[in-house]
Every structure is written in C-alpha cells, then in structure tokens.
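Asks: In our numbering, the protein residues as written are 57 to 270.
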Amino acid sequence: ALVGSVTLVTRVFALDWAQLLTLPQFLKRRPELPEAVEAYLPKRKERAARREKPQAEPVIDATPRRAPEITDPTAPPKKAAMAKAKQRDMFANYELPSLDLLEDPPENTAPKLDKLALERNARLLETVLDDFNVKGEITAVRTGPVVTMYELEPAPGIKASRVIGLAEDIARNMSAISARVSPIPGKTVMGIELPNADRQMVALKELAACAAFA
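1) Taking the beta strand (DSSP E) that residue 207 belongs to, which residues open and close that run?
2) Counting C-beta neighbours from all protein chains within 10 Å, is the total for residue 260 16 or more, i.e. buried, or is it exposed?
3) Measure the beta-carbon distance from residue 236 to residue 223 and round it to whole angstroms, keeping in mind my assumption that it falls under 8 angstroms.
4) Need the endpoints of the beta strand (DSSP E) that residue 159 sits in, please.
5) Would the beta-carbon of residue 230 fall within 9 angstroms of that of residue 184?
6) Can you grab the Cα-Cα spacing for the pair residue 225 / residue 181, in whole Å?
7) Which residue wins for smallest C-alpha separation from residue 208, given the options 217, 200, 216, 194?
8) Going by other Cβ atoms of all chains shown within 10 Å of its Cβ, with 16 needed for buried, is residue 240 buried or exposed?
9) Run through DSSP, which three-state label would residue 194 get?
Below is the structure:
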C-alpha cells in the first residue's frame with residue numbers, strides 16, 4: 057500500500073519542466089510576413105525619393121506687358137469722315153413772334169433779400185447734417201423765386217448716396233415741406249433745395265426775355 061501511494065504522488069507532481077521553461081503562447085512574437093515587408097519597402101523608397109527630389113522652380117511669364125495708350129493733347133486731331141448732307145432747316149428764315157404778345161409780369165412784390173436769415177439757415181442745415189454724422193460746409197446759397205439751393209461741400213469720405221438718403225430727414229428738421237438733394241454736375245458740391253416760405257410767380261415773358269434762353 058505504501059508503495060502504491062508513493063507511485064501515485066510521483067505521477068501527480070510529475071511536471072513537464074521543459075514546457076514550463078518556455079514562454080507562453082500569447083507572449084510569443086509573431087513573425088512578420090514576407091509579403092507585407094515586400095509590399096512596404098517599395099512605398100518607403102518611393103517616399104524617400106520624392107523628398108529628395110528638388111522642387112521645380114516657378115515658371116516666370118516672360119511676356120512683356122503692353123504699354124498703356126497715352127493720348128497727346130498737342131497732336132493734331134484726326135480728320136473726320138465726310139458726313140452726309142444734312143436736311144435743310146425749314147425754319148431757318150422764320151421770324152419769331154414779338155414778346156409783346158405775352159402778358160407783362162406783375163410787379164415784383166418779393167420781400168427784400170435777408171442775407172442774415174439765409175446765413176442762419178445755412179448754419180442750421182450744417183447742424184442738422186452733423187446730427188446724422190455727415191460732415192460738410194455750406195459754401196454758397198442761391199435763392200430763386202420758388203426754392204433756395206444750398207451748396208454743400210461734403211467732408212472727405214462722405215458718399216453722395218448717404219446725403220441723398222437724408223432728404224426726408226433734412227426736410228423734417230428744417231421744417232420744410234420737402235427737400236431735394238442731388239449732386240451738381242461739374243462740381244464737387246451737392247445741391248440741397250428747400251422751398252421758400254414765400255413763393256413768387258414766374259411769368260413766361262420773363263423766361264423768354266432772359267439772355268440764357270435767347
């Protein structure tokens with residue numbers, strides 16, 4: 057019985073020391089696949105060659121720029137082509153009727169021009185524009201029978217469209233029925249027209265006899 061027990065214990069504690077001394081299966085490093093290595097090496101060489109390749113220099117367009125056309129004001133003008141004969145003026149020999157056919161204008165009953173009042177209105181208009189952040193100066197005042205035009209010299213950077221958009225606000229602050237704002241052709245100023253409190257009648261004979269309409 058004793059011999060059988062010793063034999064059993066020996067079999068139970070018999071260990072495979074060679075297997076224990078080896079690393080576990082999960083700790084073993086898998087060998088790299090040759091196919092993966094062969095597929096990776098060409099790509100690596102290609103990237104290295106691409107980095108070593110010098111960058112191409114930018115191509116500079118050597119085409120010369122065309123010189124601007126400059127007009128010489130002292131050069132003689134080109135001769136115009138022969139124009140076609142115009143139709144004869146059928147009213148060249150017509151004599152205009154006399155101005156005596158028109159009724160004489162009524163006597164001028166307009167009040168005497170008050171320069172001080174016009175200057176006060178000009179300063180008031182500058183204040184109104186300044187309230188809307190429009191800097192400028194009234195340089196001239198031109199009175200007429202129906203409206204008075206104030207010439208505004210805007211400060212640098214003030215757009216004409218900005219002043220035009222304030223027409224209704226200008227009329228309200230100036231206690232006027234309406235206001236008309238428009239640039240004056242050929243000048244750097246803008247015209248602001250306000251109706252007169254006392255309007256005068258304009259006769260056709262006055263316009264026809266004026267030198268500007270002669």
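Glycine included, C-beta positions come from ideal geometry on N, C-alpha and C.
Replies: Result, derived from the coordinates:
1) 203 to 210
2) exposed
3) 7 angstroms
4) From DSSP, residue 159 is part of no beta strand (DSSP E); its letter is neither H nor E.
5) yes
6) 11 angstroms
7) 194
8) exposed
9) strand
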